[in-house]
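Below you'll find the structure, written out as structure tokens, and then a few comments.
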Amino acid sequence: MTVAFVGLGSNLDNPVRQVESALGELDTLPQTRLLKRSSLYRTAPVGYADQPDFINAVAQLETELAAERLLEELQAIESRHGRVRTFPNAPRTLDLDLLLFGEVVLRSERLTLPHPRMHERSFVLDPLREIAPDLKIP
């Protein structure tokens with residue numbers, strides 16, 4: 010089993026409902042269970058400012074899935090929530106980012122672990138600190 014952390018964010022189509030629903034779906038993924046979830050955080054958009062504030066959270070999972078398979082499952086949840094990828098930092102119904110996957114350090118065409126910009130984002134670090142204050146990031 011691997012402990013993984015997932016960042017969640019939404020700023021369209023009832024963001025609180027989108028994030029709460031996605032948290033529930035994370036607990037139903039195959040060979041995966043939700044261990045902890047942070048509070049919800051309201052944050053200003055980054056990069057493209059002309060959009061609504063985001064609702065963000067972080068979830069701690071335990072999974073037997075490989076990192077790339079977990080990423081596929083996260084993208085399937087995004088799709089079920091109506092995620093359309095238009096341009097970087099665009100408004101979105103749901104964004105799920107695989108932040109950490111155990112101690113894995115990886116750079117592939119599809120996935121970089123740890124998430125390459127997580128250390129720059131208070132909307133990731135604050136909820137992550139809430140649920141895993143002693144976490145060491147590889």
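Heads up: the sequence shown runs through residues 10 to 147, numbered per the working numbering. Yeah, the Cβ is synthetic: ideal placement off N, Cα and C, and Gly gets one too.
Bridge partners for residue i per DSSP, in chain order?
i, result
"V67", "G16"
"D106", "G16"
"L43", "L70"
"L115", "L122"
Buried or exposed for residue i, going by 16 or more other Cβ atoms inside 10 Å?
i, result
"P24", "buried"
"G56", "exposed"
"R116", "exposed"
"V114", "exposed"
"R126", "exposed"
Within its chain, find whatever has a CB closer than 7 Å to the CB of residue i; leave out the 5 residues flanking it on each side and keep chain order.
i, result
"D135", "Y50"
"D36", "R42 and L43"
Can you find the residues in the same chain that come closer than 8 Å, C-beta to C-beta, to residue i, ignoring five residues on each side of it along the sequence?
i, result
"M10", "E71, T72 and E73"
"S48", "A66, P136 and E139"
"N20", "P54, Q60, P61, D62, F63, I64, P100 and R101"
"L32", "L17, L43, R46, A66 and A68"
What's the gap between the Cα of residue i and the Cα of residue j?
i, j, result
"P142", "T52", "20 Å"
"P54", "Q40", "33 Å"
"P123", "R92", "23 Å"
"L79", "A58", "30 Å"
"R89", "A75", "21 Å"
"Q27", "E81", "19 Å"
"A68", "R94", "22 Å"
"I86", "L144", "26 Å"
"V133", "E112", "18 Å"
Considering Cα atoms alone, identify which of the options is closest to residue i.
i, options, result
"L120", "E112, G111, D106 and R130", "D106"
"E129", "L38, R94, L108 and Q84", "L108"
"S30", "E112, G111, A13 and L83", "L83"
"E118", "A13, F110, F14 and E77", "E77"
Going by beta carbon distance, what residues of the same chain come within less than 6 Å of residue i, once the five residues before and after it are set aside?
i, result
"D22", "T102"
"G18", "F63, N65 and D104"
"E34", "I86"
Please confirm if residue i has its CB atom under 9 Å from at least one CB of chain D.
i, result
"P61", "Looking at the structure shown, chain D is missing, and only one protein chain is on hand."
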